[in-house]
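See structure below.
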RNA sequence: GGCGGCGUGGCCGAGUGGUUAGGCAGGGGUCUGCAAAACCCCGUACCGCGGUUCAAUUCCGCGCGCCGCCUCCA
């Protein structure tokens with residue numbers, strides 16, 4: 075069985091064959107740290123986190139590199155607005171980024187690098203490009219000469235003429251050709267700057283990802299990821315720089331691009347102002363709900379972030395939690411010789427097909443339904459096969475939800491914390507009332523708990539409780 | 001204008017040349033003091049028009065509509 079990945083550059087699904095057997099080298103474009111990230115940004119990181127978890131489970135070692143863009147016009151602007159130094163801004167927002175990622179269950183990369191720590195590498199790469207005739211200096215700026223790289227456009231599928239037809243911006247007068255892009259920008263007064271052979275300045279945006287990915291992963295690494303909005307010009311430019319500088323091809327074996335998060339069918343973006351900050355959403359619902367929304371559609375498709383989708387994700391997670399807690403109660407003491415792996419096999423089939431998470435989730439839902447059906451048997455406890463089935467399903471459930479990062483919370487664990495104790499007390503009072511037939515009193519307790527966000531479910535094993543979402 | 005993608009039942013959302021997606025909502029049952037949860041049953045959907053084919057939602061063409069990129073952007 076092999077894993078197929080859709081490669082943007084060939085526009086087809088290809089069998090995934092890593093450069094080095096058993097090892098995956100992966101680079102994902104990280105945030106520009108000038109602001110808090112929004113849900114659309116978060117989706118990208120969630121999606122690549124799921125891929126990374128899955129690849130590891132498939133037995134591959136994954137070396138995962140991600141960057142912070144910490145030098146950029148917007149950062150400088152933001153520093154002025156907040157009246158802080160540039161490095162204070164980037165520190166503030168990279169810390170915030172790490173906090174949100176941690177809450178969302180997105181594991182930190184193996185290598186997390188800052189552009190400003192790699193200026194010498196970028197200068198070196200730019201020098202090479204000039205030597206090789208792919209770049210030129212002009213008025214303190216250095217431009218990449220797009221016309222010198224014949225394959226320019228091969229990722230985004232457009233020709234130079236195509237791009238020129240859609241020009242919307244006045245070209246900088248120091249460019250020889252309108253589509254040439256900046257490798258190095260001459261410093262303006264008061265801006266952060268580094269010394270270079272072309273005078274004081276700072277690197278252009280695209281060069282950082284080339285310099286850093288090549289440094290840590292080397293030419294021809296396996297996976298380069300990012301949003302579809304990075305295909306052009308960012309990734310196109312990365313290819314041009316990297317292949318021109320090294321004289322080798324390909325720069326990257328598999329290009330993976332995730333779809334956007336939309337609001338009312340429009341792309342969530344800072345400029346449109348229709349965004350929801352990830353940190354705000356994380357304060358409102360469990361991370362698993364956000365992850366479910368992110369993967370409810372295929373990663374290459376846009377997902378709409380609307381009330382309906384939000385409710386669906388909440389309901390789905392609630393269903394998973396209820397199943398998980400109920401099932402744990404029903405397999406206590408039960409032993410299980412071996413895992414049937416029926417659902418895991420189906421899960422793998424879905425994920426092997428270009429990380430088809432919607433299909434994978436349907437497997438999970440099917441597992442839950444069948445597990446619930448076992449538990450609903452009146453003779454459940456007398457039916458050893460049912461108990462054993464459930465046990466196996468529960469193990470598969472845990473594994474799958476861990477791989478997707480949507481495993482239920484463990485909250486009402488058998489610990490002696492205050493909430494636990496108080497709820498137990500309330501429940502025992504309610505039970506006494508019930509057995510004495512004082513249902514008004516019992517219901518009053520239940521509804522009071524409900525107002526506090528505690529839902530009660532009676533079962534043959536006694537009452538259970540959970541927090542509502 | 002150029003390039004790319006999409007249009008599936010009330011909603012979300014997979015997928016396939018002839019065979020069940022899955023979830024939510026809705027209807028009917030079962031269980032329960034009630035409720036909740038859960039289980040069972042119920043919807044023959046695939047933008048329009050042509051074409052290819054024994055057969056198309058699935059392939060091809062045209063049309064309509066929507067979205068993204070072409071400027072910073074996950």
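Residue numbers (my numbering): 75 to 543. By construction, the Cβ of each residue, glycine as well, lies at the ideal position given by its N, Cα and C atoms.
Legend entry - Sequence ranges, beta strand (DSSP E) only - wholly within the stretch 217-271, length at least 3: Listed in chain order, they are 255-260.
Legend entry - Start-to-end residues for the alpha helix (DSSP H) that takes in residue 59: The shown model of the chain, from 75 to 543, leaves out residue 59, and the question about it has no answer.
Legend entry - CA nearest to the CA of residue 221, picked from 318, 306, 449 and 263: With respect to the C-alpha of residue 221, the residue from 318, 306, 449 and 263 having the closest C-alpha is 318.
Inset, instruction - Can you check DSSP and say which residues form a bridge with residue 531? - result: According to DSSP, residue 531 bridges with 538.
Legend entry - Proximity below 8 Å, CB of residue 125 to CB of residue 421: It is not a contact, given that the beta carbons lie outside the stated cut-off.
Legend entry - residue 138 versus residue 331: straight-line alpha-carbon distance, rounded: Cα to Cα, residue 138 sits roughly 16 Å from residue 331.
Legend entry - Distance, residue 351 Cα to residue 111 Cα: If you take the alpha carbons of residue 111 and residue 351, they lie about 6 Å apart.
Legend entry - First through last residue of the alpha helix (DSSP H) which encompasses residue 196: Run containing residue 196: 193-205, per the alpha helix (DSSP H) assignment.
Inset, instruction - Within the same chain, show all residues whose beta-carbon is closer than 6 Å to that of residue 549, passing over the 5 residues directly before and after it, in chain order. - result: What the structure shows of the chain is the stretch from 75 to 543, and residue 549 is not part of that stretch, so it cannot be assessed.
Inset, instruction - Quickly, what does DSSP pair residue 112 with across the bridge? List them, please. - result: Paired residues: 351.
Inset, instruction - Pick out the complete beta strand (DSSP E) segments inside the stretch 91-173, 3 residues or longer, and give them in chain order. - result: Counting only runs of 3 or more, we get 97-102 and 135-142.
Inset, instruction - Would you tell me roughly how many angstroms separate the C-alpha atoms of residue 396 and residue 258, rounded to the nearest one? - result: Those two C-alpha atoms are separated by around 56 Å.
Legend entry - Euclidean distance between Cα positions of residue 447 and residue 455: Straight-line Cα distance between these residues: approximately 13 Å.
Inset, instruction - Could you tell me whether the stretch 320-340 touches the stretch 354-362, where touching means 3 or more Cβ pairs closer than 8 Å? - result: Fewer than three Cβ pairs drawn from the stretch 320-340 and the stretch 354-362 lie within less than 8 Å of each other, which leaves the two stretches out of contact.
Inset, instruction - Please report how far the alpha carbon of residue 168 lies from the alpha carbon of residue 427, in whole angstroms. - result: Computed Cα separation, rounded: 34 Å.
Legend entry - Exposure of residue 282, with buried meaning 16 or more beta-carbon neighbours within 10 Å: Result: buried.
Inset, instruction - Could you say which of 128, 102 and 105 lies nearest to residue 479 if we only look at CA atoms? - result: Among 128, 102 and 105, the Cα nearest to that of residue 479 belongs to 128.
Inset, instruction - Measuring alpha carbon to alpha carbon, tell me which of 432, 224, 225 and 144 ends up nearest residue 191. - result: For the residues 432, 224, 225 and 144, the minimum Cα distance to residue 191 belongs to 144.
Legend entry - residue 260 versus 274, 371 and 115, residue with shortest Cα-Cα distance: Residue 260 has its Cα closest to that of 274, out of 274, 371 and 115.
Inset, instruction - Count the other C-beta atoms from every protein chain shown that fall within 10 angstroms of the C-beta of residue 209, then say buried if there are 16 or more, exposed otherwise. - result: By the Cβ-count criterion, residue 209 is buried, with 16 or more other Cβ atoms from all chains shown falling within 10 Å of its own Cβ.
Legend entry - Backbone secondary structure at residue 378 - three-state DSSP: Of the three classes helix, strand and coil, the one that applies to residue 378 here is strand, per DSSP.
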